[in-house]
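Engineer: The structure that follows is given in the form of structure tokens.
In the working numbering, the protein residues as written are 3 to 572.
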């Protein structure tokens, strides 16, 4: 066939063909050299959007060759000139390296092999036959290489076409290369299966959900969630990029978008029962808007710490899921929805499949004070009291859920707060009364907004029961976190002139004495002589009535006793 009559980008020198989908941008420095036929990608598109495009590369001892396969609207099993597919000449001489697609049922071979992106018009699985010529001088391992993260819209299996005699089947989404040592191999087969069986477990009540693929008869919510509460709508979250904000009702699931769904019972949705087999979805970047975004993953588990953004480093704080209450997510699971806060507008790239155990969560310190709220149904959530050099914005929770959904948070919208900095509030909605509040490792002053119903102090391991369903906000102030052991710190400054600060810690309510002695052991002053609650204490000691010299201060609390030296200089 005369290429100049079928290829609009034909150049007489070296027979060059171009292929680039609409919207595709690149520096177009790569090229495919096919013996005497050279294909150089150019920036001029053919005018057809390509849905999926993947490259497989043979890296051999005699050179490197690549071929492209994928799916596109209107593509056929034969030559599609509008997509840049052109028949190429026969294999080069045996000494040359070469790769090419063999179009089944025809005598045509090509460097591009696109198939229809309409699952109803193609057989399953889709089969691509890749012919290989390593070259007569090749030796050792020859490498087939592909980008496993870019394989989307199906499961991809690389086969030797001989029943596994040369190599075992390869899952191309979890492996990105294959070493071939049997150089008599002349072809391999790539099978793309666009059907998969999915499953997701949901709780009775509210869940964050997402479409893990495409439903063959449409992504209507009635297909995905037949067990949902029919009296309650599904809600998506609108960002400022949508031109509005807050929640709105949806009737169709959208790939990459999370939603609130209330299910009538605890249930496992899976193929073969509630669902038919599903179709793999094409993995596109998910648009992010500055602020909070409600997203969902695909058909596989992905690691949160491998999420990428364009531009880089847009994710602020943690990623959150929901299972009775908000929780920090370490993985993006199929069928679930997740909250991500973005520092600016951009795109989210979900990585490829992940297997194994996710990293251990390490953003909560064991010594932080805890406030646990548990409602009548057993739903529970922990808030934390922390101090020190913390960026508290890292602990910001996602937006409150729709009305009626269990939610607990500080008024700052965080789940970690420095309670020593004035009064704070605890807000709780969607709870069933009575509500129990228990504190651990901290002492609190707690009251309702009026201060007339709840007005008390709670010490570690104490709790209060709230029965009044009109109370959904509490004012809280910390009396200090609880030490894990008694302590007496060195005074500061030391030496000192007149005033110095003395700090100590008490682990339980007990009688405390703090005394000052001179160098001869005579008691000079009694600073503390009372029963005190557990906590950290500090006081400023004024020694203006004393002469310069060495003094001692001694703490006695229960069975604990310790003495330290201080120096007064005038």
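For each residue, glycine too, the CB sits at the ideal point set by N, CA and C.
On the DSSP bridge assignment, give the partners of residue 310 in chain order.
Structural biologist: Mapped onto the chain shown, residue 310 falls at position 308. Residue pairing by DSSP puts residue 310 in a beta bridge opposite 351.
Engineer: At which residue ranges does the segment 198-254 contain complete alpha helix (DSSP H) runs of 4 or more residues, listed in the order of the chain?
Structural biologist: 223-226
Engineer: Alpha carbon to alpha carbon, how far is residue 244 from residue 158?
Structural biologist: The residue given as residue 244 occupies position 242 in the chain shown. The residue given as residue 158 occupies position 156 in the chain shown. Roughly 35 Å separates the two Cα atoms.
Engineer: So if DSSP puts residue 440 in a beta bridge, which residue, or which two residues, is it bridged to?
Structural biologist: Sequence index remark: in the chain shown, residue 440 carries index 438 (1-based). Beta-bridge pairing links residue 440 to 374, 465.
Engineer: Grab the span of the beta strand (DSSP E) containing residue 508 for me, first residue to last.
Structural biologist: If you number the chain shown from 1, residue 508 lands on position 506. Segment 501-508, the beta strand (DSSP E) holding residue 508.
Engineer: Does the segment 304-314 come within contact of the segment 265-272, defined as at least 3 CB pairs closer than 8 Å?
Structural biologist: no
Engineer: Ends of the beta strand (DSSP E) at residue 411?
Structural biologist: Position 409 of the chain shown, counted from the start, is the residue given in the question as residue 411. Where residue 411 is concerned, the enclosing beta strand (DSSP E) stretches over 409-412.
Engineer: Tell me, to the nearest whole angstrom, how far the beta carbon of residue 187 is from that of residue 168; I am working on the premise that it is less than 8 Å.
Structural biologist: Position 185 of the chain shown, counted from the first residue, corresponds to residue 187. Position 166 of the chain shown, counted from the first residue, corresponds to residue 168. Confirmed, Cβ separation roughly 5 Å.
Engineer: For the beta strand (DSSP E) that contains residue 417, what are its first and last residues?
Structural biologist: If you number the chain shown from 1, residue 417 lands on position 415. Taken as a continuous stretch (DSSP letters only), residue 417 belongs to no beta strand (DSSP E), as it is neither H nor E.
Engineer: Expressed to the nearest angstrom, what Euclidean distance is found between the alpha-carbon atoms of residue 73 and residue 300?
Structural biologist: Counted from its first residue, the chain shown places residue 73 at position 71. Counted from its first residue, the chain shown places residue 300 at position 298. Whole-angstrom Cα-Cα distance: 19 Å.
Engineer: Near residue 525, what residues of its chain come up, given a Cβ to Cβ distance below 8 Å and the 5 sequence neighbours on each side ignored?
Structural biologist: As a position in the chain shown, residue 525 is number 523, starting the count at 1. Around residue 525: 517, 518, 519.
Engineer: Return yes when the Cβ of residue 468 is within less than 8 Å of the Cβ of residue 495, no when it is not.
Structural biologist: Within the chain shown, the letter at position 493 stands for residue 495. Within the chain shown, the letter at position 466 stands for residue 468. No; because the gap between Cβ atoms is not below 8 Å, this pair is not in contact.
Engineer: On the DSSP bridge list, what partners appear for residue 135?
Structural biologist: As a first step, residue 135 is located in the chain shown; it is residue number 133 there, counting from the start. 100, per the DSSP bridge assignment.
Engineer: Touching or not, the segment 75-87 and the segment 112-121, by the rule of three or more beta carbon pairs under 8 Å?
Structural biologist: Yes, the segment 75-87 touches the segment 112-121.
Engineer: Indicate the three-state DSSP secondary structure (helix, strand or coil) for residue 396 in the structure shown.
Structural biologist: Translated into the one-based positions of the chain shown, residue 396 becomes position 394. Here residue 396 sits in helix by DSSP.
Engineer: By DSSP, does residue 188 sit in helix, in strand, or in coil?
Structural biologist: Here residue 188 is taken as the residue at index 186 of the chain shown, counted from 1. The DSSP-derived three-state label of residue 188 is coil.
Engineer: Can you give me the C-alpha to C-alpha distance between residue 269 and residue 537, rounded to a whole angstrom?
Structural biologist: The residue labelled residue 269 in the question sits at position 267 within the chain shown. The residue labelled residue 537 in the question sits at position 535 within the chain shown. Taking the straight line from one Cα to the other gives about 46 Å.
Engineer: Would you please state the rounded distance, in angstroms, between the beta carbons of residue 458 and residue 466? I believe it to be under 8 Å.
Structural biologist: Locating residue 458 in the chain shown gives position 456, counting from the first residue. Locating residue 466 in the chain shown gives position 464, counting from the first residue. Correct: roughly 7 Å between the Cβ atoms.
Engineer: Put residue 150 into one of helix, strand or coil per three-state DSSP.
Structural biologist: Position 148 of the chain shown, counted from the first residue, corresponds to residue 150. Here residue 150 sits in helix by DSSP.
Engineer: Can you name the start and end residues of the beta strand (DSSP E) that residue 526 belongs to?
Structural biologist: As a first step, residue 526 is located in the chain shown; it is residue number 524 there, counting from the start. Residues 525-534.
Engineer: Which residues in the same chain as residue 111 place their Cβ atom closer than 6 Å to its Cβ, once the five residues preceding and following it in sequence are excluded?
Structural biologist: Position 109 of the chain shown holds residue 111. 90, 102, 104, listed in sequence order.
Engineer: Contact check, residue 296 vs residue 260 under 8 Å by CB: the rounded distance?
Structural biologist: Numbered from 1 along the chain shown, position 294 holds the residue referred to as residue 296. Numbered from 1 along the chain shown, position 258 holds the residue referred to as residue 260. Residue 296 to residue 260, Cβ: 4 Å. Contact.
Engineer: Taking residue 432 and residue 407 to be in contact with their CB atoms under 8 Å, please state how far apart those CB atoms are, rounded to whole angstroms.
Structural biologist: Numbered from 1 along the chain shown, position 430 holds the residue referred to as residue 432. Numbered from 1 along the chain shown, position 405 holds the residue referred to as residue 407. Residue 432 to residue 407, Cβ: 5 Å. Contact.
Engineer: Whose C-alpha, out of 241, 338, 298, is nearest the C-alpha of residue 351?
Structural biologist: The count along the chain shown starts at 1 and reaches residue 351 at position 349. Per the Cα distances, 298.
Engineer: Report the rounded CA-to-CA distance for residue 127 versus residue 195, giving the unit in angstroms.
Structural biologist: Position 125 of the chain shown, counted from the start, is the residue given in the question as residue 127. Position 193 of the chain shown, counted from the start, is the residue given in the question as residue 195. Going by the C-alpha atoms only, they are around 4 Å apart.
Engineer: Locate the beta strand (DSSP E) running through residue 383, then write down its first and last residues.
Structural biologist: Within the chain shown, residue 383 is the residue found at index 381, counting from 1. Per DSSP, residue 383 belongs to the beta strand (DSSP E) from 382-387.
Engineer: In the structure shown, what three-state DSSP assignment does residue 121 receive?
Structural biologist: Counted from its first residue, the chain shown places residue 121 at position 119. In this structure, residue 121 counts as helix in the three-state DSSP scheme.
Engineer: Quick check on DSSP: helix, strand or coil for residue 34?
Structural biologist: Indexing the chain shown from 1 puts residue 34 at position 32. Any reading at residue 34 needs caution, since the residue's pLDDT is 36, under 50, leaving its predicted position unreliable; the model's value is listed next. If DSSP states are grouped into helix, strand and coil, residue 34 belongs with the strands.
Engineer: Going by other Cβ atoms of all chains shown within 10 Å of its Cβ, with 16 needed for buried, is residue 513 buried or exposed?
Structural biologist: The residue you call residue 513 lines up with position 511 of the chain shown. Per the 10 Å Cβ criterion, exposed.
Engineer: With three or more C-beta pairs closer than 8 Å as the rule, is the segment 309-317 touching the segment 365-382?
Structural biologist: no
Engineer: Pull up the distance between the alpha-carbon of residue 165 and that of residue 355, whole angstroms please.
Structural biologist: Indexing the chain shown from 1 puts residue 165 at position 163. Indexing the chain shown from 1 puts residue 355 at position 353. If I take the Cα positions, the gap works out to 26 Å.
Engineer: Rounded to whole angstroms, what is the Cα-Cα separation between residue 575 and residue 446?
Structural biologist: The structure shown does not extend to residue 575, since the chain spans only 3 to 572, so no value can be given for it.
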